[in-house]
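**Student:**
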Amino acid sequence: MEKLVFNIKIKAPKEKIWKVLWDDETYRKWTSSFCGESYVESSWNEGDKIYFLGAAGEGMNSLIEKKIPNEYMAFKHLGELKDYKEVPPNAETEQWAGAMETYRLDQKGDLVDLHVEVDVIEKHIDYFKEAFPKGLETIKELSEK
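For the sequence shown, the tail end lands on 249 under the working numbering, and the numbers increase by one without skipping.
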């Protein structure tokens, strides 16, 4: 796996950016750059499972490994979802099971640096290099309104 790193500076309070990242309505907007109808099911509590889903009930099941409100969120990806159900591990998922995805908000004067790191298998690198910057631009637009 390769770790991809993305950064964007946003002129908005960390609390507003955090809300844009994880509230259902705005999460759906910024993640549309990855998958047209992306959403999440979660209690949003550290240590709990989180389901990243598309319209057809396919996606990933993950764990909220660390959560510091308004500062840091870390997801550990565990496996695949099909028809809204967890799929037993297989050769495909074993390539990326355990991959991490983290979001850090660092205040720098009146700007916040949104720093994202994501572990990606080779066949998805180009996709994420294209999709993540689009998603981050949407987060910036929504946060600076």
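Positions of the beta carbon are idealized from the N, C-alpha and C atoms, including for glycine.
Applying the 10 Å Cβ sphere with the 16-neighbour rule, what's the burial state of Ala116?
**Tutor:** By 1-based counting over the sequence shown, the position of residue 116 is 12. When all chains shown are included, Ala116 counts as buried.
**Student:** Say whether the segment 154 to 163 touches the segment 173 to 189, bearing in mind that this needs 3 or more beta-carbon pairs closer than 8 Å, one atom from each stretch.
**Tutor:** With the cut-off at 8 Å, the segment 154 to 163 and the segment 173 to 189 touch.
**Student:** Go ahead and label Glu205 buried or exposed: buried means 16 or more other beta carbons lie within 10 angstroms of its beta carbon, across all protein chains shown.
**Tutor:** Here residue 205 refers to the residue found at position 101 when the sequence shown is read from its first residue. With 16 or more Cβ atoms within 10 Å of its Cβ, Glu205 is classed as buried.
**Student:** Could you compute how far the alpha carbon of Glu221 sits from the alpha carbon of Leu157?
**Tutor:** Taking the sequence shown and counting its residues from 1, the one referred to as residue 221 is at position 117. Taking the sequence shown and counting its residues from 1, the one referred to as residue 157 is at position 53. Cα to Cα, the separation comes out at about 20 Å.
**Student:** In whole angstroms, give me the CA-to-CA distance for Ala178 and Lys171.
**Tutor:** By 1-based counting over the sequence shown, the position of residue 178 is 74. By 1-based counting over the sequence shown, the position of residue 171 is 67. Rounded to the nearest angstrom, the two C-alpha atoms are 6 Å apart.
**Student:** Using the DSSP secondary-structure output, state which residues sit across from Met105 in a beta bridge.
**Tutor:** Taking the first residue of the sequence shown as position 1, residue 105 is located at position 1. In DSSP, Met105 forms no bridge with anything.
**Student:** How would you write the range of the alpha helix (DSSP H) that Gly239 sits in, first residue to last?
**Tutor:** Indexing the sequence shown from 1 puts residue 239 at position 135. Looking at the DSSP string, the run of the alpha helix (DSSP H) that includes Gly239 is Ile229 to Glu248.
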